[in-house]
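Asks:
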Amino acid sequence: MSRPSHTQILRFLRLSNEVGRRAISLGHHPFGAVLVAPDHETVLLTQCNIDTVNHAEATLARVAATNYPADYLWQCTLYTAVEPCCMCSGTIYWANIGRVVYGMTEKRLLECTGNHAENPTMSVDSKYVFDHCQKDVDLIGPVPEVEEETAKMQMDFWQVR
1 MSRPSHTQIL
11 RFLRLSNEVG
21 RRAISLGHHP
31 FGAVLVAPDH
41 ETVLLTQCNI
51 DTVNHAEATL
61 ARVAATNYPA
71 DYLWQCTLYT
81 AVEPCCMCSG
91 TIYWANIGRV
101 VYGMTEKRLL
111 ECTGNHAENP
121 TMSVDSKYVF
131 DHCQKDVDLI
141 GPVPEVEEET
151 AKMQMDFWQV
161 R
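The UniProt record's numbering puts the first residue of the sequence shown at 1, with every later residue one more than the last.
Shown next as structure tokens:
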């Protein structure tokens, strides 16, 4: 299975931030996810955050699993500017999505949100979850080139929320 180029990684991580801004415009938390086909060019789905149990990544993974065959999804890449939480990582695994690319770590998100009641960030990184799975999900991240723009969006949102 081929990996996306660095240029593709940056493009789709920035698109996930755009989807996160769409979430803000809808009154939701600033998280977005993008599913890209095996060709590393075709966007199959985008999803913004809905609420505390319907995160962008988990919702996208559930929709993808009902619309695409598992063997196809194993060749796809889910992009998200912020590392998936343990709930989302588990859902991505069960949806059979074979690669995850993220820009900023869950630890950095906690620095941006603080102890916000609406986002009690967990200290369980996605690598820990994927390391305990029976299939090897390809995990790429963090990606420093998008970290600061992602952190700024998160801090700007959570400081006034």
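Every residue gets a Cβ at the ideal spot worked out from N, C-alpha and C, and that includes glycine. Note that the coordinates shown come from a computational prediction; the quantities given were computed from them, not determined experimentally.
Where does R22 fall in DSSP's three states?
Replies: Note: R22 maps to helix in three-state DSSP.
Asks: Between the alpha carbons of H29 and C48, how many angstroms are there, rounded?
Replies: In a straight line, the C-alpha of H29 is about 8 Å away from that of C48.
Asks: Look at the Cβ atom of R108, then the Cβ atom of T77, and state whether they are nearer than 8 Å.
Replies: Result no, Cβ atoms of R108 and T77 do not sit closer than 8 Å.
Asks: Just to confirm my understanding: we take L44, look at its own chain, exclude 5 residues before and 5 after, and list those with CB closer than 8 Å. What are they?
Replies: Closer than 8 Å at the Cβ level, and outside the excluded window around L44, lie L35, V36, A37, A64, Y68 and C76.
Asks: Assuming Y79 contacts C133 under a Cβ cut-off of 8 Å, what Cβ separation, rounded to an integer in Å, is found between them?
Replies: Their Cβ separation, rounded to whole angstroms, is 19 Å, which puts Y79 and C133 out of contact at 8 Å.
Asks: Enumerated in chain order, which unbroken segments of the alpha helix (DSSP H) with a length of 4 residues or greater are wholly contained in the UniProt domain "CMP/dCMP-type deaminase" (7 to 117)?
Replies: Segments of the alpha helix (DSSP H) lying fully in the UniProt domain "CMP/dCMP-type deaminase" (7 to 117): 56 to 67, 70 to 73, 86 to 95 and 106 to 113.
Asks: With distances taken Cα to Cα, identify the nearest neighbour of V146 among S16, S2, M1 and R3.
Replies: Of S16, S2, M1 and R3, the residue nearest in Cα terms is S16.
Asks: For D156, does the three-state DSSP call read helix, strand or coil?
Replies: Reduced to three states, the DSSP call for D156 is helix.
Asks: My guess is that C88 and A117 are in contact by the Cβ rule of under 8 Å, so how many angstroms apart are they, rounded?
Replies: Incorrect: roughly 20 Å between the Cβ atoms, too far for contact.
Asks: At which residues does the beta strand (DSSP E) containing D138 begin and terminate?
Replies: Per DSSP, D138 belongs to the beta strand (DSSP E) from D138 to I140.
Asks: Since L60 contacts A33 with CB under 8 Å, what's their CB separation in whole angstroms?
Replies: That pair is a contact at about 4 Å.
Asks: Taking 8 Å as the threshold (C-beta atoms), are T150 and A81 in contact?
Replies: Against a cut-off of 8 Å, the Cβ pair of T150 and A81 comes out as a contact.
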